[in-house]
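Numbering (this note's numbering), first residue to last: 6 to 198.
Here the structure comes first, spelled out in structure tokens, and everything after it is commentary.
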Amino acid sequence: MPGILPRLLRALTVTTVVLGLSATAHTRAGAHLPGPVVMAALAAVVLLLVLPLTRRTLRPVPLLALLGAGQLALHHVLVLLTATARCAPVAVHEHHTVLVCDGMVEQAAAHGATTTSMVLAHVLATLASAAAISHGEAVLRALLAPVRSLLDLPQPVVLPVVPRQRVAGLSFVPCGGALVLPPPTRGPPPVSC
6 MPGILPRLLR ALTVTTVVLG LSATAHTRAG AHLPGPVVMA ALAAVVLLLV LPLTRRTLRP
66 VPLLALLGAG QLALHHVLVL LTATARCAPV AVHEHHTVLV CDGMVEQAAA HGATTTSMVL
126 AHVLATLASA AAISHGEAVL RALLAPVRSL LDLPQPVVLP VVPRQRVAGL SFVPCGGALV
186 LPPPTRGPPP VSC
């Protein structure tokens, strides 16, 4: 599977951009985020949803529609995950108390779930996500081109082969006899011709 690594990296990048900008928009508009374990689980769910979509490049209009729906879904998930029920005991009878709790959905709607700043923040996060995703790979390739040229291994230089030229007036005379003595262990080799 040679194509799985770039696809997984693309999916991780899209997940990071979408979830990061959604969380940033959510907190900048005045809301709170759930704990880190819940955010990690939410990132895993977003990654599983994004992975099939990173098989090919999306055109701008479907990308904006998909990211807008994702921001809307993430907004509601973040609102529901950060809402807590407030409970207080109420004395009903002399020896009996009843626990009365506020609803989580009502509290979530009351703490700024649908304010104009929240909608504007998520719209800006959608546009920033679309820009980062649609132009991100081209920008990354342009930034890595000089680094890639530095990391390429140099190719060996092939020099042209020049034929040897004979020197005029000299000729090769082979030796006729064989050397009978063993070669000496010290000094220059003996002349055999």
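The C-beta atom is built at its ideal place from N, Cα and C for all residues, glycine as well.
Under 8 angstroms between C-beta atoms of residue i and residue j
i    : j    : result
T32  : L38  : yes
S122 : L68  : no
L135 : P65  : According to the sequence as given, residue 135 is Ala; it is not Leu. In this structure, P65 lies closer than 8 angstroms to A135 by Cβ.
V55  : T20  : yes
L83  : L71  : no
T18  : G141 : yes
A36  : T87  : yes
For residue j and residue i, believed in contact at Cβ under 8 angstroms, the rounded distance
i    : j   : result
G75  : V43 : Not confirmed; about 18 angstroms, so no contact.
T120 : A34 : 7 angstroms
### Query
Taking three-plus beta-carbon pairs below 8 angstroms as touching, is the stretch 146-156 in contact with the stretch 49-67?
no
### Validate contact between the stretch 12-30 and the stretch 123-135 using beta carbons, cut 8 angstroms, 3 pairs
yes
### Query
Where in the stretch 28-69 do unbroken runs of the alpha helix (DSSP H), each at least 4 residues long, occur, reported from the N-terminal end onward?
41-55
### Task
Give, in chain order, every unbroken run of the alpha helix (DSSP H) that is at least 4 residues long and sits entirely within the stretch 111-164.
121-156
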